[in-house]
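Protein chains in written order, with numbering that gives the first Met the number 0: chain A, 0 to 288; chain B, 0 to 159.
Note that the Cβ used here is the ideal one computed from N, Cα and C, for glycine as well.
These notes are about the structure you will find just below.
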Amino acid sequence: MTDIRYLAPSTLDEAVRAFAAASGAARILAGGTDLLVQMRAGIAKPGTIIDIKKIPELTAIEDLGGGAYRIGAAVSGAVLAEHPTFRKAWPGVLEAVNLIGSKQVQGRASPGGNLCNGSPAGDSVPAMVAAGAVVTIQGPNGRRDLPVEKVPAGPGRTTLAPGEIVVAFTLPQRPKGSGDAYLRMIPRTEMDIAVVGMGVNLTMEGGVVKAARVGLGAVAPTVLLVEDAAKALIGTKLDDAALEAAAAACRAACKPINDKRGTIAYRIKVAGVLLKRTAAIAARRAGGN
Amino acid sequence: MSKIHVSTSVNGEPVEFLCDASASMLDALRGPLGLTGTKEGCGTGDCGACSITVDGRLVCSCLMLAVEAEGHEIATIEGMAQGETLHPLQRKFLEMAALQCGICTPGVLISARALLEKNPDPTEEEVRFGLAGNLCRCTGYDKIVRAVLETAAEMRETVR
Numbered sequence: 000m001t002d003i004r005y006l007a008p009s010t011l012d013e014a015v016r017a018f019a020a021a022s023g024a025a026r027i028l029a030g031g032t033d034l035l036v037q038m039r040a041g042i043a044k045p046g047t048i049i050d051i052k053k054i055p056e057l058t059a060i061e062d063l064g065g066g067a068y069r070i071g072a073a074v075s076g077a078v079l080a081e082h083p084t085f086r087k088a089w090p091g092v093l094e095a096v097n098l099i100g101s102k103q104v105q106g107r108a109s110p111g112g113n114l115c116n117g118s119p120a121g122d123s124v125p126a127m128v129a130a131g132a133v134v135t136i137q138g139p140n141g142r143r144d145l146p147v148e149k150v151p152a153g154p155g156r157t158t159l160a161p162g163e164i165v166v167a168f169t170l171p172q173r174p175k176g177s178g179d180a181y182l183r184m185i186p187r188t189e190m191d192i193a194v195v196g197m198g199v200n201l202t203m204e205g206g207v208v209k210a211a212r213v214g215l216g217a218v219a220p221t222v223l224l225v226e227d228a229a230k231a232l233i234g235t236k237l238d239d240a241a242l243e244a245a246a247a248a249c250r251a252a253c254k255p256i257n258d259k260r261g262t263i264a265y266r267i268k269v270a271g272v273l274l275k276r277t278a279a280i281a282a283r284r285a286g287g288n
Numbered sequence: 000m001s002k003i004h005v006s007t008s009v010n011g012e013p014v015e016f017l018c019d020a021s022a023s024m025l026d027a028l029r030g031p032l033g034l035t036g037t038k039e040g041c042g043t044g045d046c047g048a049c050s051i052t053v054d055g056r057l058v059c060s061c062l063m064l065a066v067e068a069e070g071h072e073i074a075t076i077e078g079m080a081q082g083e084t085l086h087p088l089q090r091k092f093l094e095m096a097a098l099q100c101g102i103c104t105p106g107v108l109i110s111a112r113a114l115l116e117k118n119p120d121p122t123e124e125e126v127r128f129g130l131a132g133n134l135c136r137c138t139g140y141d142k143i144v145r146a147v148l149e150t151a152a153e154m155r156e157t158v159r
């Protein structure tokens with residue numbers, strides 16, 4: 000780790016200019032909980048590190064009203080957990096962000112970093128997908144918005160163009176009767192990488208599902224939006240048949256790998272189980288809102 | 000490459016130091032600042048031996064660049080006792096023998112203090128969750144968890 004240039008610009012324009020000028024030799028630093036580990040292992044050898052935490056937009060949490068929030072990409076899990084109202088509106092997103100690593104990692108790790116690291120098992124991503132989060136990206140050609148599920152391209156890869164920086168996540172307004180939840184399966188009880196991650200976001204009216212989104216992680220090269228699972232839930236009262244149909248849709252969407260944490264068969268089975276459990280929690284929360 | 004000048008606050012005292020851009024906060028603490036109470040375990044954020052707080056929030060100092068300390072408030076194990084008076088957690092860890100080799104202990108104490116500041120009356124499960132980022136290869140954790148719970152009870156009594 001020698002001869003690195005450290006930049007901490009105070010505006011996004013400066014950051015984008017420096018990032019683009021470095022043409023691939025720079026890395027963005029938010030919490031650094033992936034980057035510093037990669038640097039230490041010699042996997043990442045950036046010539047320039049661009050710390051984005053001095054840019055106010057990247058570390059702000061804005062309450063946009065009606066349950067809508069804009070979260071700066073570099074906001075840490077600990078800071079998001081301290082927000083006075085976010086927890087009530089988006090408990091599933093918060094519990095997913097707060098599952099990234101230990102309390103120490105929470106002091107630094109951000110949802111923007113979790114997304115850009117490109118791990119199929121990133122905990123915050125399925126919950127953001129279920130929430131319908133829109134990612135704001137800024138690059139040399141200006142600013143654009145993208146549904147969060149369009150960002151991951153494969154393990155360790157994203158669809159971001161060279162020089163582009165993730166700025167913020169915008170979560171939509173919450174209709175009355177909405178609730179979300181995130182569950183993950185890990186072999187340990189804490190601090191492990193998901194074998195399956197499941198985000199479910201529901202809007203209920205009179206016990207009937209009016210809207211649903213399902214985000215599924217760690218069972219394919221990218222986190223998935225499982226539209227068939229959502230369709231199986233919409234219009235139902237979450238009866239056993241509807242839940243089984245949605246679970247089957249999740250199992251069908253899986254294209255997992257075998258590894259030391261779980262076999263293909265196990266991951267597929269667990270995806271169905273987690274759909275049912277996560278939907279139950281989201282429905283209960285929706286009932287309380 | 001020339002060294003970078005950093006102005007920060009460590010345990011309430013303003014300090015300045017010089018570091019390379021790639022140096023971690025842990026490197027700066029143990030090197031130019033001479034504060035060797037913070038230990039290096041894994042160097043990858045898994046073990047928690049290097050735990051410090053930055054603006055009151057728990058972080059692994061191995062996962063933070065030293066240059067990022069500029070303008071922030073750093074707290075380390077060296078600031079935990081007030082002169083000769085140990086923090087209640089430190090005293091209870093000694094009384095209850097909640098340590099063996101001691102390498103993880105500074106990090107455990109910093110984490111436990113951060114936990115009790117947020118939650119003065121934690122359950123055993125909450126203590127175990129709060130300390131999940133601190134690995135101890137000697138004690139099996141039971142004595143640590145019991146010492147944190149006892150300290151929490153004692154501190155609640157003192158407040159009353």
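Check: Whole beta strand (DSSP E) runs in the segment 63-105 of chain A with 3 or more residues, listed along the chain?; Outcome: 67-71
Check: For H71 (chain B), tell me which candidate among B:E39, B:E116 and B:V9 has the shortest Cα-Cα distance.; Outcome: B:V9
Check: Flag M0 (chain A) as yes if its beta-carbon sits less than 8 Å from any beta-carbon of chain B, otherwise no.; Outcome: With a pLDDT of 45 at M0 (chain A), under the threshold of 50, the predicted position of this residue should be treated as unreliable, and no value is reported.
Check: Taking just the CA atoms, how far does K44 (chain A) sit from M0 (chain A)?; Outcome: Note that M0 (chain A) scores 45 on pLDDT, short of 50, meaning its location in the model is unreliable and no value can be drawn from it.
Check: Would A20 (chain B) pass as a contact of V66 (chain B) if the rule is Cβ separation under 8 Å?; Outcome: yes
Check: Go ahead and pull the three-state DSSP assignment for C18 (chain B).; Outcome: strand
Check: For T43 (chain B), which residues in chain A fall below 9 Å Cβ to Cβ?; Outcome: L35, V36, R39 and A40
Check: Could you compute how far the alpha carbon of I27 (chain A) sits from the alpha carbon of E13 (chain A)?; Outcome: 13 Å
Check: Does D179 (chain A) pass the burial test, meaning 16 or more other C-beta atoms within 10 Å, or should it be called exposed?; Outcome: buried
Check: In chain B, which residues lie with their C-beta within 9 Å of the C-beta of E204 (chain A)?; Outcome: By Cβ distance, chain B contributes nothing, its closest Cβ being about 36 Å from E204 (chain A), past 9 Å.
Check: Apart from the five residues just before and just after I192 (chain A), which ones in its own chain have a Cβ nearer than 6 Å to its Cβ?; Outcome: A120
Check: So, for A77 (chain A): in the same chain, excluding its five sequence neighbours on each side, which residues have a beta-carbon less than 7 Å away from its beta-carbon?; Outcome: Q105 and G106
Check: Using the DSSP secondary-structure output, state which residues sit across from S6 (chain B) in a beta bridge.; Outcome: B:E15
Check: Going by alpha carbons, who is nearest to K236 (chain A) out of A:R143, A:M184, A:K209 and A:R187?; Outcome: A:K209
Check: Would you mind sorting D122 (chain A) into buried or exposed? The rule is 16 or more other CB atoms within 10 Å of its CB.; Outcome: buried
Check: Rounded to a whole number of angstroms, what is the C-alpha to C-alpha distance between I118 (chain A) and E83 (chain B)?; Outcome: This sequence places Ser at residue 118 (chain A); Ile is not what is there. If I take the Cα positions, the gap works out to 48 Å.
Check: Which chain B residues are close to M190 (chain A), counting only those with a beta carbon under 9 Å from its beta carbon?; Outcome: D45, A131 and G132
Check: Which residues in the same chain as L28 (chain B) place their Cβ atom closer than 7 Å to its Cβ, once the five residues preceding and following it in sequence are excluded?; Outcome: L34, T37, S60 and T75
Check: Can you tell me whether A20 (chain A) is buried or exposed, with buried defined as 16 or more other CB within 10 angstroms of its CB?; Outcome: exposed
Check: Since R145 (chain B) is in the alpha helix (DSSP H), which residue starts that stretch and which ends it?; Outcome: D141 to V158
Check: Would DSSP call M0 (chain A) helix, strand or coil?; Outcome: No answer about M0 (chain A) holds up, because its pLDDT of 45 lies below 50 and its placement is not dependable.
Check: When you check each C-beta in the segment 95-114 of chain A against every C-beta of chain B, which residues fall closer than 8 Å?; Outcome: G100, S101, K102, Q103, V104, Q105, G106 and R107
Check: Just the C-alpha distance for T104 (chain B) and A48 (chain B), rounded to the nearest angstrom, thanks.; Outcome: 7 Å
Check: Hey, could you find the ends of the beta strand (DSSP E) C30 (chain B) is sitting in?; Outcome: A small correction: the amino acid at residue 30 (chain B) is Gly; Cys does not occupy that position in the sequence shown. Premise fails: G30 (chain B) is in no beta strand (DSSP E) and is neither H nor E.
Check: Whole angstroms is fine: what's the gap from G66 (chain A)'s alpha carbon to G132 (chain B)'s?; Outcome: 32 Å
Check: Check the C-beta distance from I136 (chain A) over to L159 (chain A) and give it rounded, since I have them as a contact under 8 Å.; Outcome: 6 Å
Check: The beta strand (DSSP E) spanning S110 (chain B) covers which residue range?; Outcome: First-last for S110 (chain B): T104 to K117, but that is the alpha helix (DSSP H), not the beta strand (DSSP E).
Check: Residues of chain B with a CB under 7 Å from the CB of R4 (chain A): which are they?; Outcome: A20
Check: Taking the DSSP output, what are the residues bridged to K23 (chain B)?; Outcome: The sequence shown places Ser at residue 23 (chain B), not Lys. Answer by DSSP bridge pairing, in chain order: B:L64.
Check: Could you run through the segment 57-89 of chain A and flag, in chain order, every residue whose CB is less than 8 Å away from some CB of chain B?; Outcome: S75, A77 and V78
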